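Colleague: Taken in order, the sequence shown gives residues 571 to 885; the numbers are from our numbering.
Where is the CB? At the ideal position from N, CA and C, for every residue including glycine.
None of these values were measured; they are calculated from a predicted model.
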Amino acid sequence: MENNNYHLPVMSKETIEGLAIQPYGTYVDLTFGGGGHTRAILQQLNTHGRLFAFDQDPDSALQAANIKDPRLTFIQANFRFCTQFLATHNTLQVDGILADLGVSSFQLNEPTRGFANRMNGPLDMRMNYQVPLSATQLINNYSPTQIITILQQYGEIHNPKKLTQHIIRNRKINPITTTAQLTAIATPCAPRKRLNKYLAKVFQAFRIAVNDELGALKELLLQTPNLLKSQGRLVILAYHSLEDKLVKNFIKTGSLEGKLNHDPYGNLLRPLQPVHRKALKASETEIAHNNRARSARLRIAEKVTVPNSVSTAKN
């Protein structure tokens, strides 16, 4: 039985449809979480189908242990290493890849993880406890310039210098070790009537830095063309503009920067083609039942059958 208290999958129907699952195919769920999408994929596979599920979070490994299915192989690792781990299982190409980015509902609602400001807990934010750098260590040891850059680039904070000054001043008095401390420090810097959104961006910025989330996503995207079989599907759910921009650029151009590359004949060089012109969004009905779906952007791509198939040359 699916543990909905752990994580309620966003746009589950659209996601599974986007994979265009073949019952006998091989698929990868790069973000197992509570196993919602994994279970939905397994329901579409026959006895010859195969599913690999990745997650670096040890709590997800405990959830995966509850699924007794010979078609499923769980790998406790960051998805940036998916190619090498799949190779150890004699799998070089797959029919579909799914990634539901961001943090799970369980992670956000568990005070000991330190991902959100709503409940007081240790300022950790690590998705993998084996990673040495926690948010506490980052906030208390990084230079002002480094903290400004994190807030500016990963949180898109409008006043990173002001907030950094507050952080530096407070950490000289006492180490900043809890989510309540960081919330109290950031609150005076927030715009009127936008406190919650401001705090969410602050916590997002430090979480992304601690887990190198954008770096991992970049590495993943660059691997997908080689991992996918011809006409294989890539399905990615993103929850903020930084992630979605990378996904959008790579699907549309084959470049993380969104740079168009053409061959001498004017053909656009890209390994994937978008299935939909724009990202799909959750319905108002789903948003009413799961507020996390409000910011979700679903992008689906298919590996082109023949490289250089998108022609821009004039006849």
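Could you spell out where the alpha helix (DSSP H) holding Phe685 opens and where it closes?
Modeller: Looking at the DSSP string, Phe685 is not in any alpha helix (DSSP H), and its letter there is neither H nor E.
Colleague: On the criterion of 16 or more Cβ atoms from any shown chain inside 10 Å, does Tyr835 qualify as buried, or is it exposed?
Modeller: Classification for Tyr835: exposed.
Colleague: The ligand COA and Ile738: does any heavy atom of the ligand fall closer than 7 Å to the residue's C-beta?
Modeller: No copy of the ligand COA appears in this structure; indeed no ligand is present at all.
Colleague: Could you tell me which of Leu578, Ala590, Thr585, Lys583 sits nearest to Gly802, measuring between CA atoms?
Modeller: Nearest option by C-alpha distance: Ala590.
Colleague: Buried or exposed, going by whether 16 or more other CB atoms sit within 10 Å of the CB of Asn687?
Modeller: Label assigned to Asn687: buried.
Colleague: Can you tell me which of the three DSSP states Val701 falls into?
Modeller: DSSP places Val701 in coil when its eight states are reduced to three.
Colleague: Looking at the secondary structure, which residues open and close the alpha helix (DSSP H) in which Ala590 lies?
Modeller: Here Ala590 belongs to no alpha helix (DSSP H), and DSSP marks it neither H nor E.
Colleague: When the Cβ atoms of the region 702-721 are set against those of the region 759-767, are three or more pairs found closer than 8 Å?
Modeller: With a cut-off of 8 Å, the region 759-767 and the region 702-721 do not count as touching, because too few Cβ pairs lie within range.
Colleague: Let me check understanding here. Comparing Cα to Cα, which of Phe685, Ser675, Ile645 lies closest to Gln774?
Modeller: Per the Cα distances, Phe685.
Colleague: Taking the beta carbon of Asp665 as the centre, do at least 16 other beta carbons fall within 10 Å, making it buried, or is it exposed?
Modeller: Its Cβ being crowded by 16 or more others within 10 Å, Asp665 is buried.
Colleague: Which two residues bound the contiguous beta strand (DSSP E) that contains Thr643?
Modeller: Counting along the chain, the beta strand (DSSP E) containing Thr643 begins and ends at 642-645.
Colleague: Name the residue from Ser800, Leu842, Thr757, Ala750 whose alpha carbon lies nearest to the alpha carbon of Gly691.
Modeller: Of Ser800, Leu842, Thr757, Ala750, the residue nearest in Cα terms is Ala750.
Colleague: How would you call Lys873, buried or exposed, if buried means at least 16 neighbouring beta carbons within 10 angstroms?
Modeller: Burial call: buried.
Colleague: Quick check: what's the CA-CA separation for Gln843 versus Ala754?
Modeller: Near 46 Å, if we compare the C-alpha coordinates of Ala754 and Gln843.
Colleague: Kindly indicate the opening and closing residues of the beta strand (DSSP E) around Lys767.
Modeller: Element bounds for Lys767: not the beta strand (DSSP E) but the alpha helix (DSSP H), 765-781.
Colleague: Starting from the N-terminal side, write out each stretch of the alpha helix (DSSP H) that is 4 residues or longer and does not extend beyond the region 696-767.
Modeller: Whole alpha helix (DSSP H) segments, 4+ residues: 705-711, 714-724, 730-743, 749-756.
Colleague: Are at least three pairs of beta-carbons, each pair with one atom in the region 662-681 and one in the region 796-813, less than 8 Å apart?
Modeller: Yes, since at least three Cβ pairs between the region 662-681 and the region 796-813 fall closer than 8 Å, the two stretches touch.
Colleague: When the Cα atoms are used, what is the spatial distance from His607 to Gln613?
Modeller: About 10 Å.
Colleague: For the structure I just gave you, are there three or more beta carbon pairs, one from the region 784-791 and one from the region 637-651, closer than 8 Å?
Modeller: Yes, since at least three Cβ pairs between the region 784-791 and the region 637-651 fall closer than 8 Å, the two stretches touch.
Colleague: Should Pro702 go down as buried or exposed, given a rule of 16 or more other Cβ atoms within 10 Å for buried?
Modeller: By the 10 Å Cβ count, Pro702 comes out exposed.
Colleague: I'd like to know whether the C-beta atoms of Leu621 and Leu642 end up nearer to each other than 8 Å.
Modeller: Going by C-beta atoms, Leu621 is nearer than 8 Å to Leu642.
Colleague: Which class does Asn861 belong to by DSSP, given the choice of helix, strand or coil?
Modeller: It is helical.
Colleague: Which of the three DSSP states, helix, strand or coil, is assigned to Val660?
Modeller: Residue identity differs from the one stated: residue 660 is Asn in this sequence, not Val. Looking at Asn660 - three-state DSSP - the assignment turns out to be coil, as it is neither helix nor strand.
Colleague: Roughly how many whole angstroms lie between the Cα atoms of Ile720 and Phe776?
Modeller: Spanning the two alpha carbons is a distance of roughly 7 Å.
Colleague: Output needed for Ser582: all residues of its chain with C-beta closer than 8 Å, excluding positions within five of it in sequence on either side, in chain order.
Modeller: Hits under 8 Å: Gly606, His607, Ala610.
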